[in-house]
Amino acid sequence: MARAKISLIGGGQIGGVLAQLCALRELGDVVLFDIVEGLPQGKMLDIAEVARVDGFDVDLKGTNSYADIAGSDIVIVTAGLPRKPGMSRDDLLGVNAKIMSQVSEGIKEFAPDAFVIIISNPLDAMVTLCQKVTGFPAERVNVNGIPVMEQLVRKYGNEAKAQEVMTAMVERTKMAGGEVVKLLGNGSAFYSPASSAIGMAEAILRDQKRVLPVCALLTGEFGVDNYYVGVPCILGAAGIEGILEFDLDNEEQAMFDNSVAAVKGLIDELPTILPDLADVLKG
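Note that my numbering gives residue 346 to position 69 of the sequence shown, counting from 1, and the numbers run on in steps of one.
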């Protein structure tokens with residue numbers, strides 16, 4: 278049986294961690310692409326030199342040519358600028374949309390049968406753009422709020438206390454990415470998004486039917502139609518194999534609606550940023 282092929286677009290911090298994790302888990306042969314000559318080649322040589330120590334057996338290749346991603350089963354895109362202190366993910370829309378447009382054309386030409394996982398920010402807009410440019414089925418293009426109240430009530434034995442903890446957890450989670458950016462000073466998180474993407478890739482390649490939070494195209498679920506939004510999904514060999522709907526309380530619904538409105542606002546900006554793709558984006 279032929280080994281899977283995983284191509285990573287973007288040789289920065291996340292790309293390097295992704296390549297190492299793919300090798301360690303032996304998910305398949307790995308190609309690391311970047312436009313900077315020498316960068317992906319050097320990182321892949323570095324990883325290859327620890328194969329005997331860590332005991333993995335996969336082929337590793339660094340490249341500056343999209344042609345080398347041909348035949349990929351999975352493409353993970355990390356290309357784009359990271360956040361800097363004081364920036365929101367949405368601030369990256371203008372520059373990263375242009376990068377994602379070029380990347381998507383490369384994927385469309387050389388890896389037309391691949392599943393695509395996006396890490397680049399702002400996430401929902403980048404996934405939408407990639408799917409529109411490639412024309413891939415929605416279940417093959419996705420990225421990396423499932424309720425935990427029941428577990429918290431069991432832990433604390435008191436719903437009021439559980440709600441207090443839940444509120445604190447929500448706020449901590451919302452601000453964690455910005456906190457990492459501030460602490461690093463130059464760059465953003467890379468270990469956590471890489472691990473999330475690898476979990477998704479593994480679920481697809483090994484048909485795990487795993488429930489994960491995924492940015493999926495909604496077609497009526499949660500009252501949203503034709504927008505990519507983060508929701509719990511079942512991931513397996515066919516990509517997104519199901520979207521799990523659940524009831525939201527009033528506060529959760531308000532937060533969800535605000536999130537969807539923000540996504541719509543970003544999507545509405547894309548034709549202005551990429552006028553040559555205006556017709557594609559409206560399709």
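All C-beta atoms in this analysis are idealised placements derived from N, C-alpha and C, irrespective of residue type, glycine included.
For the pair Leu370 and Glu546, the CB atoms are nearer than the 9 Å cut-off.
Note on Thr549: under 16 other CB atoms within 10 angstroms of its CB, so exposed under the neighbour-count rule. For Phe392, no alpha helix (DSSP H) segment is defined; the enclosing uninterrupted segment is the beta strand (DSSP E) at Phe392 to Ile395.
By the neighbour-count criterion, in which 16 or more other beta carbons inside 10 Å mark a residue as buried, Arg329 falls on the exposed side. Taking a cut-off of 8 Å on C-beta distances, the segment 375 to 386 does not touch the segment 332 to 339, as fewer than three cross pairs fall below it. Excluding five sequence positions before and after Arg449, none of the CB atoms of its chain fall closer than 7 Å to its own CB. Bounds of the alpha helix (DSSP H) holding Gly383 are Leu370 to Phe387. The beta carbon of Gly348 sits closer than 6 Å to those of Lys282, all from its chain and outside the five residues before and after it, given in chain order. A Cβ-Cβ distance of about 12 Å is found for the pair Gly513 and Val491, leaving them out of contact under the 8 Å criterion.
Under the 8 Å Cβ criterion, the segment 290 to 307 counts as touching the segment 467 to 475, having at least three qualifying pairs. Within the same chain, Cβ atoms closer than 7 Å to the Cβ of Ala515 are found at Glu416, the five residues on either side in sequence being excluded.
Straight-line measurement puts the Cα of Gly455 at about 10 Å from the Cα of Gly464. In this structure, the alpha-carbon of Leu298 lies about 7 Å from that of Ile475. Under the three-state reduction of DSSP, Gly497 is assigned to coil, being neither helix nor strand. Asp553 and Val410 have their C-alpha atoms spaced approximately 11 Å apart.
With contact defined as three or more Cβ pairs closer than 8 Å, the segment 481 to 498 and the segment 310 to 330 are not in contact. With contact defined as three or more Cβ pairs closer than 8 Å, the segment 399 to 406 and the segment 481 to 489 are not in contact. By the CB criterion at 9 Å, Phe333 and Glu303 fall inside the cutoff. 9 Å or more divides the Cβ of Ile346 from the Cβ of Ile396. Secondary structure of Val327 (DSSP, three-state): coil. The residue from Ala296, Leu400 and Ala344 with its alpha-carbon nearest to that of Asp368 is Leu400.
Distance from Val335 to Ala300 at the Cβ level is roughly 5 Å; contact confirmed, criterion being Cβ atoms closer than 8 Å. Annotated as proximal: Ala478 and Ile351, with beta-carbon spacing under 9 Å.
According to DSSP, Arg487 shares a beta bridge with Leu512.
Across the set Ile394, Leu295 and Phe523, the C-alpha of Leu295 shows the shortest separation from the C-alpha of Lys320. Out of Phe523, Tyr343 and Cys510, the CA that lies nearest to the CA of Gly500 is found in Phe523. Put simply, the backbone Cα of Leu521 is about 6 Å away from that of Cys510. For Leu309, DSSP records a beta bridge to Leu285 and Gly339. If you draw a straight line from the Cα of Val457 to the Cα of Ser536, it comes to about 22 Å.
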